[in-house]
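Taking it in order: structure first as structure tokens, then the write-up.
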Amino acid sequence: MTDGERTGTIVDDRFRLEERLAAGGLGTVWRATDREREIQVALKCENDGSHDPEQVRAHFRGELQWFRRFEGGPVPGSLVQFVDGAVDGDTVYIATELIRGGSVDDVVDRETDPESALERVRELGGPVCQALEFLHRNGVAHLDVTPSNALVRRSGQPAVIDLNAAVSIEAEPDVRFGRDSFKPPEQTRTDGRKDPIGPWSDVYAIGRFLAVLVTGTANAEADSNEGREPVDLRSRGVNCPAALSDPIRRATAPDYRDRFDDAGGLYDALVPFFEVPDRAAELVHEPSGCAVRVRPGDTLGRWAADRRTPTVVFPDDERYLCPEHAALECDEEGWQLRDRSLNGTFVRREGPWEYVLSREGRERRRDADAPLPRPDPPASVRLADGDRISPVSPDYGCHVVFRSED
Numbered sequence: 001m002t003d004g005e006r007t008g009t010i011v012d013d014r015f016r017l018e019e020r021l022a023a024g025g026l027g028t029v030w031r032a033t034d035r036e037r038e039i040q041v042a043l044k045c046e047n048d049g050s051h052d053p054e055q056v057r058a059h060f061r062g063e064l065q066w067f068r069r070f071e072g073g074p075v076p077g078s079l080v081q082f083v084d085g086a087v088d089g090d091t092v093y094i095a096t097e098l099i100r101g102g103s104v105d106d107v108v109d110r111e112t113d114p115e116s117a118l119e120r121v122r123e124l125g126g127p128v129c130q131a132l133e134f135l136h137r138n139g140v141a142h143l144d145v146t147p148s149n150a151l152v153r154r155s156g157q158p159a160v161i162d163l164n165a166a167v168s169i170e171a172e173p174d175v176r177f178g179r180d181s182f183k184p185p186e187q188t189r190t191d192g193r194k195d196p197i198g199p200w201s202d203v204y205a206i207g208r209f210l211a212v213l214v215t216g217t218a219n220a221e222a223d224s225n226e227g228r229e230p231v232d233l234r235s236r237g238v239n240c241p242a243a244l245s246d247p248i249r250r251a252t253a254p255d256y257r258d259r260f261d262d263a264g265g266l267y268d269a270l271v272p273f274f275e276v277p278d279r280a281a282e283l284v285h286e287p288s289g290c291a292v293r294v295r296p297g298d299t300l301g302r303w304a305a306d307r308r309t310p311t312v313v314f315p316d317d318e319r320y321l322c323p324e325h326a327a328l329e330c331d332e333e334g335w336q337l338r339d340r341s342l343n344g345t346f347v348r349r350e351g352p353w354e355y356v357l358s359r360e361g362r363e364r365r366r367d368a369d370a371p372l373p374r375p376d377p378p379a380s381v382r383l384a385d386g387d388r389i390s391p392v393s394p395d396y397g398c399h400v401v402f403r404s405e406d
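Pasting the structure below:
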């Protein structure tokens with residue numbers, strides 16, 4: 001069936017194919033209309049007439065299992081947002097948010113000003129590192145981190161895509177690739193050695209990714225003795241502070257034992273360069289056991305196609321959360337949650353739920369004569385280890401447990 005013949009096709013009684021966007025060995029990506037939510041999505045479908053349909057479907061199943069694993073709990077905003085998917089008979093697809101800003105590759109090609117390179121690393125490299133930190137913290141290695149697998153939203157925020165090569169860390173993965181500048185030696189061995197593959201393999205790829213953001217070209221990183229030497233930007237005359245170049249050098253060490261163990265370790269080493277507070281906590285979704293790491297200044301909310309994506313996205317099909325519902329802050333006295341929403345946030349430790357609501361939310365509800373759970377609620381509340389956080393209502397949607405690393 002030609003693209004023209006497929007245009008207008010309804011997939012899974014929900015998605016209408018509108019325009020082919022890209023095609024690869026495993027599938028074709030379409031712009032599609034989600035008739036249920038009335039939004040545009042990216043729909044990856046199985047290619048017609050694939051030479052090895054079972055292998056293709058295995059990749060779809062693998063990617064879908066990770067999206068389902070994280071479904072229902074909070075995820076980093078820098079991971080592409082999942083909509084739906086299926087691998088069932090002739091119905092094979094994965095639907096995610098539609099990102100129209102191109103890939104990081106495109107940004108690097110378009111923005112050649114060396115003065116903006118370091119800011120580019122902060123804006124794109126930091127969030128990508130956080131997305132991989134989330135995967136590693138929850139037992140998953142991506143294993144195909146490249147600038148083309150990080151798309152850039154119109155807001156300028158990146159989103160890591162393509163989990164079809166991702167594997168469970170506990171499964172002792174053996175995912176091998178042909179040589180490219182983003183794959184560590186253990187993933188491209190031709191000498192018979194079988195060094196282990198895991199989060200440290202992603203660390204290597206992130207290090208190369210960051211180097212590309214600094215230098216503005218992937219080709220400059222491909223000549224590093226085919227992975228036999230780490231990327232040392234300063235020794236090559238690149239204008240780059242040690243707070244960035246030193247972690248990149250360690251991340252791209254040829255021997256996996258010399259690298260950071262995972263993306264969290266790499267991010268922690270980059271904290272001085274990113275100029276973010278050196279404090280962290282976890283939000284744990286108890287039903288799934290998944291946890292997302294957070295830092296002061298991070299925002300919590302729902303994904304919306306036309307709004308800036310929060311640092312941590314909560315599932316919210318009914319859209320009672322605001323895109324920027326609350327923010328996490330930290331001072332000498334500890335952590336606090338500041339509500340920025342119209343519907344409020346509930347926090348509970350051992351006693352009754354505490355309700356916090358932004359000033360705008362209070363004014364809106366009073367103007368509408370809407371009752372408040374408590375009179376004159378504050379806009380913020382202190383957080384202690386073990387507190388439960390529930391946006392909107394204790395009975396609504398997703399709630400998480402706050403775990404401080406202090």
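So in the UniProt record's numbering, spot 71 of the sequence shown is number 71, and the numbers just go up one at a time.
Every residue, glycine too, gets a C-beta built ideally from N, C-alpha and C.
A straight line joining the alpha-carbon of residue 292 with that of residue 261 spans about 18 Å. Contact between residue 332 and residue 338 is ruled out by a C-beta separation of about 16 Å, above the 8 Å threshold.
In the structure shown, residue 363 adopts helical secondary structure according to DSSP, grouped into three states. Counting the other CB atoms within 10 Å of its CB gives residue 46 a total of 16 or more, which places it among the buried residues. Ranked by Cα distance from residue 180, the options 204, 159, 198 and 160 are led by 204.
Around the beta carbon of residue 22, fewer than 16 other beta carbons lie within 10 angstroms, which makes this residue exposed. If you draw a straight line from the Cα of residue 201 to the Cα of residue 143, it is about 7 Å long. For residue 10, the number of other beta carbons within 10 angstroms of its own is below 16, and it is reported as exposed. For residue 397 and residue 211, the gap between their C-alpha atoms comes out near 40 Å. Using a Cβ distance threshold of 8 Å, residue 388 and residue 348 count as a contacting pair.
In the structure shown, residue 157 adopts coil according to DSSP, grouped into three states.
With fewer than 16 neighbouring CB atoms inside 10 Å of its own CB, residue 7 falls in the exposed class. With fewer than 16 other beta carbons inside 10 angstroms of its own, residue 55 counts as exposed.
Per DSSP, the unbroken beta strand (DSSP E) holding residue 16 starts and ends at 15-23.
Around the beta carbon of residue 53, fewer than 16 other beta carbons lie within 10 angstroms, which makes this residue exposed. In this model, residue 72 and residue 394 are separated by some 15 Å (Cα to Cα). Inclusion of residue 313 and residue 75 in the CB contact set at 8 Å is warranted, their separation being smaller than that value.
Residue 14 is classed as buried because its beta carbon has at least 16 other beta carbons within 10 Å across all chains shown. In this structure, the beta-carbon distance from residue 43 to residue 160 does not fall below 8 Å. The Cβ neighbour count for residue 91, taken over all protein chains shown within 10 Å, is under 16; the residue is labelled exposed. For residue 105, the closest of 213, 320 and 255 by C-alpha to C-alpha distance is 213. With fewer than 16 neighbouring CB atoms inside 10 Å of its own CB, residue 217 falls in the exposed class. The beta strand (DSSP E) runs of length 3 or more contained entirely in the stretch 288-318 are, from start to end of the chain, 290-294 and 299-301. In the three-state DSSP reduction, residue 256 falls in the helix class (H, G or I). The shortest CA-to-CA distance from residue 162 to any of 232, 63 and 246 is the one to 63. Residue 274 is a Cβ neighbour of residue 126, given a cutoff of 8 Å. The shortest C-alpha to C-alpha distance from residue 357 to any of 259, 375 and 369 is the one to 375. Under the DSSP definition of a beta bridge, residue 96 partners with 42 and 82. In the DSSP assignment, residue 284 falls within the beta strand (DSSP E) that extends over 281-285. Residue 345 and residue 229 have their C-alpha atoms roughly 50 Å apart. Residue 202 carries a helical assignment under DSSP once its states are collapsed to helix, strand and coil. Measuring C-alpha to C-alpha distances from residue 12 to each of 95, 298 and 366 identifies 95 as the nearest.
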